[in-house]
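Worksheet: the structure to be examined is printed underneath.
2 protein chains.
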Amino acid sequence: MSKNVTGPEIAELIQLIGKLPGLGPRSARRAALHLLQKKDQLMRPLAKAMTEAAEKIVECSNCGNIDTISPCAICQDERRDKSMICLVETVGDLWALERAEVIKGQYHVLGGTLSPLDGVGPDDLNLTTLVERANGDEISEILIALNATVEGQSTAHYITDLLEDANVKISRLAHGVPVGGELDYLDEGTLAAAIKSRKQL
Amino acid sequence: MSKNVTGPEIAELIQLIGKLPGLGPRSARRAALHLLQKKDQLMRPLAKAMTEAAEKIVECSNCGNIDTISPCAICQDERRDKSMICLVETVGDLWALERAEVIKGQYHVLGGTLSPLDGVGPDDLNLTTLVERANGDEISEILIALNATVEGQSTAHYITDLLEDANVKISRLAHGVPVGGELDYLDEGTLAAAIKSRKQL
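In structure tokens:
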């Protein structure tokens, strides 16, 4: 907040809450006030949940997912297809695919995309273990599920080149009209891709 | 989240964050992920700030504001005008007026508005101490700064009646065109009030 009208404790609380994505100064104040008014029902349990999560959460040494165990529950799940890796940019993308229950295989979290302007090079991404996994015996397909942005796509190209020598099939998500989407609202690139990849009925 | 794709610790964290005002399931997941990825820079400090605030914050016995001391810093501030009380609905409203630096006097936080349908009666509001303060020697004016909603205005009427016997001047905020506001976007009630209270130049 621009002006401090509260004591330092509340001001610090508001300032820290304001660092969460999607919360501006006004909503941070509202959230802080809500917490202060629900001290025992919400603020203490949330503080406890955060402290516990901070203690227990580790990054999976195999795929880069976050979990309380490493390798993570997904990597350890024997019912999953060990021959397929779905490559995603962030843990949030992994969660989205898991909610949709569309990936039978395992994951690999890249941790970002190549972005020379922001100083993000290959060394900053979770690539070494990806190449190791791709060269292992079990993997037969890597599905590149990076965002359909310029950075995502150029990173996908870089990774395709990187995995050239590995004996794996490399695939990417299809482009096309989102299910439920209206043509009028779609950009030309999406429409062109949807027409190019049209399916015969 | 509709489906649990994380361990119980992260699921609980997301669920608790989702109880904050203004955060839906999607933004709660984003916020949780952000916290998990900034464990030491954000999650631990925020947990600490919340635990400390939960320990230290008390409600001011005089005005109902929240602070680490009771009476609160505003009630204890000797430079403030002790003869005027500004009556607000919530601590958030008090903060808004303090940011604007427009109240030289003290405050009284009502803690809500009368709402028979929601079962909120006079006993649920911070009225007893208000009447006590109004009947004290120091107070000469009570400015009712409740929201210009139906509930706020009917509560204002109730309080005006309640304070009839107290020897204090009762005032309310002016209605009119917000500074910077465009007439085209204002409702008829506001326009009518602005015309009725027009000022001669």
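In order, the protein sequences belong to chains A and B. Residue numbers for the first sequence follow my numbering, beginning at 1 and rising by one. Residue numbers for the second sequence follow my numbering, beginning at 1001 and rising by one. Beta carbons: idealized from backbone N, C-alpha and C, even for Gly.
**Request:** Helix, strand or coil for Q1200 of chain B, going by three-state DSSP, please let me know.
**Result:** Mapped onto the second sequence, residue 1200 of chain B falls at position 200. Secondary structure of Q1200 of chain B (DSSP, three-state): coil.
**Asked** Taking Cβ-Cβ distances below 8 Å as the criterion, which residues of the region 1014-1030 of chain B are in contact with chain A?
**Response** Taking 8 Å as the Cβ-Cβ cut-off against chain A, the residues of the region 1014-1030 of chain B that qualify are L1016, I1017, K1019, L1020, P1021, G1022, L1023, S1027, R1029, R1030.
**Message:** In this structure, how does DSSP classify S1002 of chain B when only helix, strand and coil are distinguished?
**Reply:** To locate residue 1002 of chain B, count along the second sequence from 1; it is residue 2. Annotation note: pLDDT 49 at S1002 of chain B (below 50); position unreliable, no value reported.
**Message:** Can you pull the chain A neighbours of H1034 of chain B, defined as C-beta to C-beta under 7 Å?
**Reply:** Counted from its first residue, the second sequence places residue 1034 of chain B at position 34. Those within 7 Å of H1034 of chain B in chain A are L20, P21.
**Asked** Would you report the Cα separation of V131 of chain A and R1026 of chain B, rounded to the nearest angstrom?
**Response** By 1-based counting over the first sequence, the position of residue 131 of chain A is 131. By 1-based counting over the second sequence, the position of residue 1026 of chain B is 26. Roughly 32 Å separates the two Cα atoms.
**Prompt:** Between the C-alpha atoms of V179 of chain A and L186 of chain A, what's the straight-line distance to the nearest angstrom?
**Reply:** By 1-based counting over the first sequence, the position of residue 179 of chain A is 179. By 1-based counting over the first sequence, the position of residue 186 of chain A is 186. Approximately 12 Å between the Cα atoms of the pair.
**Item:** Residues sharing a beta bridge with S115 of chain A, DSSP
**Value:** The sequence position of residue 115 of chain A within the first sequence is 115, counting from 1. According to DSSP, S115 of chain A bridges with A:V120.
**Cross-chain neighbours of K1056 of chain B in chain A, by beta carbon under 8 Å** = By 1-based counting over the second sequence, the position of residue 1056 of chain B is 56. From the beta-carbon of K1056 of chain B, the residues of chain A found nearer than 8 Å are E9.
**Request:** Mind listing the chain A neighbours of A1145 of chain B? Cutoff is C-beta to C-beta under 8 Å, in chain order.
**Result:** Counted from its first residue, the second sequence places residue 1145 of chain B at position 145. Neighbours of A1145 of chain B on chain A: none; closest Cβ ~15 Å, over 8 Å.
**Simplified DSSP state of H1175 of chain B, which is helix, strand or coil** = Counted from its first residue, the second sequence places residue 1175 of chain B at position 175. H1175 of chain B: coil per DSSP, three-state reduction.
**Prompt:** Is DSSP giving V91 of chain A helix, strand or coil here?
**Reply:** Here residue 91 of chain A is taken as the residue at index 91 of the first sequence, counted from 1. Correct three-state label for V91 of chain A: helix.
**Asked** Going along chain A in order, which residues have a C-beta closer than 8 Å to the C-beta of M1050 of chain B?
**Response** Numbered from its first residue, the second sequence carries residue 1050 of chain B at position 50. L13, L35, M43, R44, L46, A47, M50, listed in chain order.
**Request:** Count the other C-beta atoms from every protein chain shown that fall within 10 angstroms of the C-beta of S1002 of chain B, then say buried if there are 16 or more, exposed otherwise.
**Result:** By 1-based counting over the second sequence, the position of residue 1002 of chain B is 2. With a pLDDT of only 49 at S1002 of chain B, under 50, the local geometry of the prediction cannot be trusted, and the value read off the model is given with reservation. With fewer than 16 Cβ atoms within 10 Å of its Cβ, S1002 of chain B is classed as exposed.
**Asked** Is the distance from the Cβ of T113 of chain A to the Cβ of L146 of chain A below 8 Å?
**Response** For the purposes of this step, residue 113 of chain A is identified with residue 113 of the first sequence, where counting begins at 1. For the purposes of this step, residue 146 of chain A is identified with residue 146 of the first sequence, where counting begins at 1. Yes, the Cβ-Cβ distance between T113 of chain A and L146 of chain A is below 8 Å.
**Message:** Please tell me whether I1066 of chain B has its Cβ less than 8 Å away from any Cβ of chain A.
**Reply:** Here residue 1066 of chain B corresponds to residue number 66 of the second sequence, with the count starting at 1. Yes, contact with chain A.
**Stretch-stretch touch, CB-based, cutoff 8 Å, three pairs: the region 39-49 of chain A with the region 81-98 of chain A** = Output reads no: the region 81-98 of chain A does not touch the region 39-49 of chain A.
**Prompt:** Where do the N-terminal and C-terminal ends of the alpha helix (DSSP H) with I1159 of chain B fall, by residue?
**Reply:** Along the second sequence, one-based indexing puts residue 1159 of chain B at 159. That run of the alpha helix (DSSP H) goes 1150-1162.
**Asked** Considering only residues of the same chain and omitting the five flanking positions on each side of I170 of chain A, which have a CB-CB separation below 7 Å?
**Response** In the first sequence, counting from the first residue as 1, residue 170 of chain A sits at position 170. Closer than 7 Å at the Cβ level, and outside the excluded window around I170 of chain A, lie I142, I144, T160, L163.
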